[in-house]
Amino acid sequence: MSSIIGFVDRVRKVRLRLTNTRPFVHLISTVSQPTEAAPLSDSKPLKFGILGAAAIAPSALITPAKSHPEASFMLSPRAVQTAPPRLLRNTELKSSNKFADLLDDPEIDAVYNPLPNGLHFEWTMKALAAGKHVLLEKPAANTAEETRKMFELAESKGVVLLEAFHYRFHPVANRVRAIIESGELGAVKSTETHLALPERFYRANDIRYNYDLGGGALMDMGCYTISAMRFFAGAEPNLYINAEIQCEKGKIQIMNYIMPTQFHSIKVTTQDGKSRVEKAYTFPNLGEPWWSSYRYQLEAFVNKVKGRTPHAWVSKEDSINNMEVVESSGLGSRPKSTYVPPN
Ligand SMILES: NC(=O)C1=CN([C@@H]2O[C@H](COP(=O)(O)OP(=O)(O)OC[C@H]3O[C@@H](n4cnc5c(N)ncnc54)[C@H](OP(=O)(O)O)[C@@H]3O)[C@@H](O)[C@H]2O)C=CC1
Ligand SMILES: O=C1OC[C@@H](O)[C@H](O)[C@H]1O
């Protein structure tokens with residue numbers, strides 16, 4: 415009898431677990447297959463040209479653009495060969511593989527640059543010179559000086575340049591900053607940020623292992639941990655330190671600040687030892703629980719280009735300071751780009 419009760423109990427628990435995971439599965443599948451948004455009748459969509467067939471392009475722009483009523487994109491045939499077919503429905507294709515053709519195309523308003531880090535400077539400078547807005551993958555460039563030059567050119571051309579630190583656009587990062595700024599926990603004393611991937615996640619010939627292309631752990635994942643440490647502390651570091659934020663009157667522990675749509679928790683512990691866990695999938699007036707950090711990022715980018723105030727931003731100074739911290743880490747900057755912009 416007891417074994418039957420035990421069996422029934424186990425079946426009930428498994429059913430309960432499956433029921434609990436259903437909303438999660440729905441959320442994850444909606445992130446990658448969102449309902450397509452119809453274009454607005456009173457606003458011309460921002461048309462992005464994507465440089466290359468980078469693995470990150472579908473998550474970072476192609477999928478988010480599907481649910482954005484004011485964003486569309488154009489791909490080169492090379493990119494089309496590698497993108498999953500379902501992403502290519504209703505997609506305009508270029509007849510040429512050359513990046514330069516995208517930059518010369520008057521129909522392209524903005525360029526997404528997911529090239530290897532060591533090519534960010536050259537192709538961003540060329541895109542800006544062609545008068546395109548640029549959404550630029552992290553890290554901005556190989557050096558702080560290159561980063562400064564790109565932002566100066568963007569300013570002189572009157573176009574938008576954004577380093578794609580997508581986590582900064584999600585409600586989680588913004589909620590954590592708001593808790594800190596509310597003064598509830600007092601001043602920040604220290605921050606510690608972590609990010610890791612399993613060994614052998616990338617093949618040995620991956621761009622991340624190529625020093626000349628701006629590779630290396632600090633350039634790839636370390637630039638996020640530096641960015642998050644600076645953002646949550648609201649200050650520039652004077653020491654090189656390794657998302658837990660210790661404050662005078664408590665601490666905040668963030669689980670998964672980088673891809674929070676999948677799962678996350680914001681645990682706030684106060685001086686008296688009491689703790690609470692917060693979730694932040696949407697802003698009060700913006701977003702859907704299934705919006706990825708990239709979708710929030712796209713929302714901000716399009717708003718900025720359209721002259722509206724974005725809900726979050728990564729400023730010129732922020733991007734330059736981040737590269738300066740990378741440079742001062744002891745490993746130094748990566749080789750400067752050999753590209754010389756025309757005067
Ligand atoms: N925001 C985020 O969450 C993420 C951002 N990133 C960033 O995006 C960028 C791209 O990363 P990832 O998608 O992994 O890159 P991939 O290696 O998948 O793609 C790189 C692209 O650059 C092209 N390319 C042009 N010249 C070269 C060259 N000399 N050597 C190698 N590739 C070249 C490749 O062309 P071809 O296809 O012909 O080889 C390919 O289209 C990096 O800056 C990285 O830091 C990456 C992952 C996540
Ligand atoms: O978001 C990311 O996660 C994995 C990294 O290798 C990648 O470059 C980074 O941007």
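Letter by letter, the sequence shown follows residues 415 to 757 in my numbering. For glycine and all other residues, C-beta sits at the position ideal for the given N, C-alpha and C. Bear in mind the structure is a predicted one, so any value in this text is a computation, not a measurement.
(request) Measure the Cβ-Cβ separation of Q685 and K603 and say whether it is below 9 Å. (result) In this structure, Q685 sits away from K603, with a CB-CB distance that is not shorter than 9 Å.
(message) Restricting to Cα atoms, I'd like to know which of V574, W705 and N619 is closest to R722.
(response) Between R722 and the set V574, W705 and N619, the nearest pair of CA atoms involves V574.
(message) Short of 6 Å in beta carbon distance, which residues of its chain neighbour A541, apart from the five on each side in sequence? Order them along the chain.
(response) For A541, where only same-chain residues beyond five positions count, the Cβ hits under 6 Å are L517, V525 and V548.
(message) Let me check understanding here. Comparing Cα to Cα, which of P755, M635 and R748 lies closest to N624?
(response) Ranking the options by Cα distance to N624, first place goes to R748.
(request) Taking V525 as part of the beta strand (DSSP E), name the residues at either end of that continuous run. (result) Note, V525: beta strand (DSSP E), A524 to N527.
(message) Do P528 and E551 count as a contact pair if the criterion is CB distance below 9 Å?
(response) Going by beta carbons, E551 and P528 fall inside the 9 Å limit.
(message) I'd like to confirm something about E569: is its beta-carbon nearer than 8 Å to some heavy atom of ligand 1, or not?
(response) No, ligand 1 has no heavy atom inside 8 Å of this Cβ.
(message) For the pair the stretch 697–709 and the stretch 435–449, tell me if three or more CB-CB distances fall below 8 Å.
(response) A contact is defined here as three or more CB-CB pairs under 8 Å, and the stretch 697–709 meets this definition with respect to the stretch 435–449.
(request) Could you pull out every residue in the same chain whose Cβ sits closer than 7 Å to the Cβ of A714, ignoring the five residues on either side in sequence? (result) Around A714: F583, P724, H725, A726 and W727.
(message) Considering only heavy atoms of ligand 2, does any lie closer than 8 Å to the CB of R614?
(response) Flag unset: Cβ of R614 not near ligand 2.
(request) Would you mind stating whether I666 and H678 have Cβ atoms separated by less than 9 Å? (result) Judged by beta-carbon spacing, H678 lies beyond the 9 Å limit of I666, meaning their Cβ atoms are not closer than that value.
(message) Checking 9 Å against the spacing of the C-beta atoms, do Y763 and Y581 come in under that value?
(response) Here the chain has residues from 415 to 757 only, and residue 763 is not among them.
(request) Return the first residue and the last residue of the beta strand (DSSP E) that I594 is part of. (result) No beta strand (DSSP E) contains I594, which is instead part of the alpha helix (DSSP H) from P585 to S596.
(request) Taking only heavy atoms of ligand 2 into account, decide whether any of them is closer than 8 Å to the Cβ of R709. (result) For ligand 2, not one heavy atom lies less than 8 Å from the Cβ of R709.
(request) Report whether the distance from the Cβ of G466 to the nearest heavy atom of ligand 1 is below 8 Å. (result) For G466, the distance from the CB to the nearest heavy atom of ligand 1 is below 8 Å.
(request) Kindly provide the ranges of any beta strand (DSSP E) runs that are 3 or more residues long and lie completely inside the stretch 638–697, ordered along the chain. (result) Segments of the beta strand (DSSP E) lying fully in the stretch 638–697: 658–661, 664–669, 679–684 and 689–692.
(request) Can you check DSSP and say which residues form a bridge with K461? (result) Answer by DSSP bridge pairing, in chain order: S486.
(message) According to DSSP, is T557 part of a helix, a strand, or is it coil?
(response) Reduced to three states, the DSSP call for T557 is coil.
(message) Short of 6 Å in beta carbon distance, which residues of its chain neighbour S510, apart from the five on each side in sequence? Order them along the chain.
(response) Confidence is the limiting factor: at S510 the pLDDT is only 49, short of 50, which leaves the residue's position unreliable, though a coordinate-based value still follows. Excluding residues within five positions, none has a Cβ falling inside 6 Å.
(message) Just to confirm my understanding: we take G545, look at its own chain, exclude 5 residues before and 5 after, and list those with CB closer than 7 Å. What are they?
(response) If the five residues before and after G545 are omitted, its C-beta is found closer than 7 Å to the C-beta atoms of K571 and V573, all from its own chain and listed in chain order.
(request) Could you tell me if the beta carbon of K571 falls within a distance shorter than 8 Å of some heavy atom in ligand 4? (result) Ligand 4 is not part of this structure, which contains only ligand 1 and ligand 2.
(message) As a quick exercise: from L632, L567, E613 and R614, pick the residue whose alpha carbon is nearest that of T607.
(response) Minimum Cα-Cα distance from T607 among the listed residues L632, L567, E613 and R614 corresponds to L632.
(request) Give the DSSP-derived three-state secondary structure of V602 in the structure shown. (result) Correct three-state label for V602: strand.
(request) Report all residues from its chain with a CB closer than 7 Å to the CB of K663; omit the five preceding and five following residues, and keep chain order. (result) Hits under 7 Å: L599, G600, T684 and Q685.
(message) Can you tell me which residues form a DSSP beta bridge with H547?
(response) H547 pairs with A524.
(request) Give a single yes or no on whether D634 has its beta carbon closer than 8 Å to a heavy atom of ligand 2. (result) Yes, the Cβ of D634 comes within 8 Å of a heavy atom of ligand 2.
(request) Taking E713 as part of the alpha helix (DSSP H), name the residues at either end of that continuous run. (result) S707 to V719 is the extent of the alpha helix (DSSP H) around E713.
(request) Hey, could you find the ends of the beta strand (DSSP E) L517 is sitting in? (result) If you look at L517, you'll find it isn't in any beta strand (DSSP E); it sits in the alpha helix (DSSP H) that goes F513 to D518.
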